[in-house]
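For reference, the structure is listed below as structure tokens.
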Amino acid sequence: MTEKKTVQFDDLLHFKFLSCPRLSPDGALAVYQVAQADLEKDGYNTNLWLYDCGAGVSRQITFSNADKTARWTPDGKALIFASKRDASLEKDVTALYRLELDGGEARRLGVVPLPVNDLWPLPDGRILLNAVYTPEEPNPENAQYKVYTQIPFWQNGKNFTGQRRSALALWDPRSGELRRLTPDRMDALDCTLSPCGGAALLVAEEYEKVKPLCNHVWRLDLKSGAMERLSEGLEYSFKTAGWSGGRVIVLASDMKRYGMNENALVFELKDKKLTCLTPDLDTSFHNSMVGDCRYGVETQYGLIDGDGLYYISTQGTSSQIHFNDLNGHDRNLTPGLLSADCFDVRGGRVLAVGFRGLQLQELYAVGNDGETQLTHHNDSFMAQFQLSQPEHYTVDNGEGLMIDCWYMKPVGAEPGKKYPTIFDIHGGPKATYGALYFHEAQCWAALGYAVIFCNPRGGDGRGNEFADIRGFYGVKDYQDFNAMLDWAVAHLDFIDAERLGVTGGSYGGYMTNWMISHSDRFKCAASQRGICNWISFDGVSDIGWYFGTDQQGGSGPLTDPEGAWNASPLKYVGNVKTPTLFIHSEEDRRCPDEQVFQFYTALQVLGVETRLCYFLGENHELSRSGKPRSRLARLREITGWMDRFLKK
Numbered sequence: 165m166t167e168k169k170t171v172q173f174d175d176l177l178h179f180k181f182l183s184c185p186r187l188s189p190d191g192a193l194a195v196y197q198v199a200q201a202d203l204e205k206d207g208y209n210t211n212l213w214l215y216d217c218g219a220g221v222s223r224q225i226t227f228s229n230a231d232k233t234a235r236w237t238p239d240g241k242a243l244i245f246a247s248k249r250d251a252s253l254e255k256d257v258t259a260l261y262r263l264e265l266d267g268g269e270a271r272r273l274g275v276v277p278l279p280v281n282d283l284w285p286l287p288d289g290r291i292l293l294n295a296v297y298t299p300e301e302p303n304p305e306n307a308q309y310k311v312y313t314q315i316p317f318w319q320n321g322k323n324f325t326g327q328r329r330s331a332l333a334l335w336d337p338r339s340g341e342l343r344r345l346t347p348d349r350m351d352a353l354d355c356t357l358s359p360c361g362g363a364a365l366l367v368a369e370e371y372e373k374v375k376p377l378c379n380h381v382w383r384l385d386l387k388s389g390a391m392e393r394l395s396e397g398l399e400y401s402f403k404t405a406g407w408s409g410g411r412v413i414v415l416a417s418d419m420k421r422y423g424m425n426e427n428a429l430v431f432e433l434k435d436k437k438l439t440c441l442t443p444d445l446d447t448s449f450h451n452s453m454v455g456d457c458r459y460g461v462e463t464q465y466g467l468i469d470g471d472g473l474y475y476i477s478t479q480g481t482s483s484q485i486h487f488n489d490l491n492g493h494d495r496n497l498t499p500g501l502l503s504a505d506c507f508d509v510r511g512g513r514v515l516a517v518g519f520r521g522l523q524l525q526e527l528y529a530v531g532n533d534g535e536t537q538l539t540h541h542n543d544s545f546m547a548q549f550q551l552s553q554p555e556h557y558t559v560d561n562g563e564g565l566m567i568d569c570w571y572m573k574p575v576g577a578e579p580g581k582k583y584p585t586i587f588d589i590h591g592g593p594k595a596t597y598g599a600l601y602f603h604e605a606q607c608w609a610a611l612g613y614a615v616i617f618c619n620p621r622g623g624d625g626r627g628n629e630f631a632d633i634r635g636f637y638g639v640k641d642y643q644d645f646n647a648m649l650d651w652a653v654a655h656l657d658f659i660d661a662e663r664l665g666v667t668g669g670s671y672g673g674y675m676t677n678w679m680i681s682h683s684d685r686f687k688c689a690a691s692q693r694g695i696c697n698w699i700s701f702d703g704v705s706d707i708g709w710y711f712g713t714d715q716q717g718g719s720g721p722l723t724d725p726e727g728a729w730n731a732s733p734l735k736y737v738g739n740v741k742t743p744t745l746f747i748h749s750e751e752d753r754r755c756p757d758e759q760v761f762q763f764y765t766a767l768q769v770l771g772v773e774t775r776l777c778y779f780l781g782e783n784h785e786l787s788r789s790g791k792p793r794s795r796l797a798r799l800r801e802i803t804g805w806m807d808r809f810l811k812k
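Numbering-wise (our numbering), the sequence shown opens with residue 165 and increments by one.
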């Protein structure tokens, strides 16, 4: 029997990332995307695969390494998809292709002179697009400066956006005619096509100066172009809208009790009024599971099929697909999945991409008896590795509230021996750890580290009350973290309390900064893409002006600067003695680089050993979808820092 290997950083290059399953109109076939990192081009190759539900086989159907966003034609005979296979095309245009399922090569339909986010083929041959429109610059003859008149003026992953909007448009591949359907100031967020293809329900927001938190639901007639605002007079954050028979069903929150992160409810929208269909449901309608082995998966809120709503819900320590019959009955369809990432449903048939056990993503059929694995893109490669199983335990946080925690022993750990330990903090904060495969943690376990992590208050999966730490950042969560750490050190005999390191990204970076400015228990820290100053954050982050003040319980630079400063790690930076590595990205617009510059500079002035690793051309998503070389360098930098201080 061949001895199993341990995971290495660059094994990431062999992982297959699945996304965007789409069932054919008759439910017999499904197309989905498979991506893989390419070190040579320092990017990702994405191709389309086809699964035959009757034969139970899957095959690759495109090979250009640049194909995505595939949807079926209404007759189910062909696929329409976007591709960057023609390298001669300009960056901000999109080539659309048609692939007949009865054979032959994909045929280019034409080039849309816009970036295309999504597409829906219509029965009359036209294609409904969600595309990005960028107004002409007011000073085209002088490129030395730009003019901005709104916020946000930049967005993470998109850089400077100006007056850019995502709009719905109709494109006719026969004539090349492109007609914008939504107004210039409207930003199209979510779209659902009617079963007959003659209309669409659109969730969108309109603004001129400041992007609002509330938005509206519109009905768009695709023949006449007429738009009707169905939610006139309502102040809600709508997530998605769809049809159930003749009823319009929406997911929405008024954000009045728990703020911007309040869980949505299911409503019927009729005559510009909302009737709640799930008054007792307190759950998120999306996947909040933390992971670093996805690519191309976007937030999915729910799909209506027949008389019910299918949706992904994060409950406890997993995200799974649920069915709600809109009459008060709700059930979990995928109890065996740790993370259901995306899915499609057609005539009651459900296909999903997800994680099960320590497996990487695969495609699953979802039925009344749970889920059945359909593909094996990653199984043979992962079978060669000896992995560390995350072990779940709970800890009383001192107030009678049990906190979900995990530990991972070093691979090949010897009884009675103590090991250096890395405490890993998730982002969000409304996110969730579980026992699924997490590459960075498995790499550390393979290198002789124990890894510990937990879901403190502020995280997802346990309802609104648990997730609501507005005004208590660094208080409730800090209490939960310390309860977990104290218990782990006292009860897990393989943890060396004298060799503890801490790391985390985004909110996890904020809490890393907070913990080292309030405690000396860690021998080193790696703070990633974090926040240190809530006052400056409000004015520079792409979400700062609303997220910061909301999450600090109303404290912000314009409302309560003292309260915002009291919650800022920078206020306490004089207490820091912990050697600290900072990981940040040049184009991070979520937690902009001015945050790390402030904390890093202060530590240098104070004489604390510190190092800044600044990734050019990367953004807030570095650890999840950054360039492969950057992702590997990030892992090496963090691990090298931990080795230096924890393996002396």
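Every residue, glycine too, gets a C-beta built ideally from N, C-alpha and C. In this text, all values refer to a predicted model and were calculated from it rather than measured experimentally.
For residue 506, the closest C-alpha among the options 460, 639, 765 and 454 is that of 460. Using a 10 angstroms sphere on the CB of residue 671, the tally of other CB atoms reaches 16 or more, which defines it as buried.
Residue state for residue 730 is assigned as helix, using DSSP reduced to three classes. Taken in chain order, the unbroken stretches of beta strand (DSSP E) that lie wholly in the stretch 215 to 245 and span 3 residues or more are 221 to 224 and 231 to 236. Secondary structure note for residue 292: its beta strand (DSSP E) is the uninterrupted segment 291 to 297. In the DSSP assignment, residue 319 is bridged to 323. If only uninterrupted beta strand (DSSP E) runs of at least 3 residues are considered, those enclosed by the stretch 171 to 204 are 181 to 187 and 193 to 202. In the three-state reduction of the DSSP assignment, residue 538 falls in the coil class, being assigned neither a helical nor a strand state.
Residue 312 holds the alpha-carbon nearest to the alpha-carbon of residue 300 among 289, 290, 312 and 294. Buried is the label assigned to residue 528, since at least 16 other Cβ atoms lie within 10 Å of its Cβ.
When the Cα atoms are used, residue 232 and residue 584 turn out to be separated by approximately 43 Å. For residue 801, the enclosing alpha helix (DSSP H) begins and ends at 792 to 810.
Residue 676: member of the alpha helix (DSSP H) spanning 671 to 680, first to last residue. By alpha-carbon distance to residue 483, the top candidate from 469, 702 and 521 is 521. If the five residues before and after residue 217 are omitted, its C-beta is found closer than 6 Å to the C-beta atoms of 192, all from its own chain and listed in chain order. Residue environment analysis places residue 618 among the buried positions, since at least 16 neighbouring C-beta atoms fall within 10 angstroms of its C-beta. Within the DSSP secondary-structure output, residue 619 pairs in a beta bridge with 568.
With contacts defined by Cβ atoms closer than 8 Å, residue 291 and residue 238 do not form a contacting pair. In terms of CA proximity to residue 696, 746 leads the group 746, 666 and 169.
Following the DSSP letters along the chain, one finds residue 610 inside the alpha helix (DSSP H) bounded by residues 603 to 610. With a cutoff of 8 Å on beta-carbon distance, residue 627 and residue 480 are scored as not near each other. Per DSSP, residue 786 is not a residue of any beta strand (DSSP E); the alpha helix (DSSP H) it occupies stretches across 786 to 789. The stretch 692 to 706 and the stretch 749 to 758 touch, with no fewer than 3 CB-CB distances between them shorter than 8 Å. The beta carbon of residue 188 lies closer than 6 Å to those of 236 and 240 in the same chain, with the five residues before and after it left out. DSSP places residue 584 within a strand segment (E or B) once states are collapsed to three. For residue 503, no alpha helix (DSSP H) run applies; the uninterrupted beta strand (DSSP E) run containing it begins and ends at 503 to 510, by DSSP. Membership of residue 635 in any beta strand (DSSP E) is not indicated, and neither H nor E is assigned to it by DSSP. In its chain, beyond the 5 residues on either side, 230 have a beta carbon closer than 7 Å to the beta carbon of residue 248. Nearest to residue 744 by C-alpha distance, out of 250, 198, 727 and 673, is 673.
In this structure, residue 634 lies near residue 717, with their beta-carbon atoms less than 8 Å apart. Put simply, the backbone Cα of residue 575 is about 7 Å away from that of residue 550.
In this structure, DSSP gives residue 629 a helical state, which the three-state scheme calls helix. The beta carbons of residue 177 and residue 214 sit about 25 Å from each other, so the pair does not count as a contact at 8 Å. The C-beta of residue 323 has fewer than 16 other C-beta atoms within 10 Å across all chains shown, which makes the residue exposed.
A distance below 7 Å between beta-carbons, with the five flanking residues on each side excluded, links residue 378 to the following residues of its chain, in chain order: 399, 400 and 401.
Nearest to residue 604 by alpha-carbon distance, out of 669, 631, 541 and 412, is 669.
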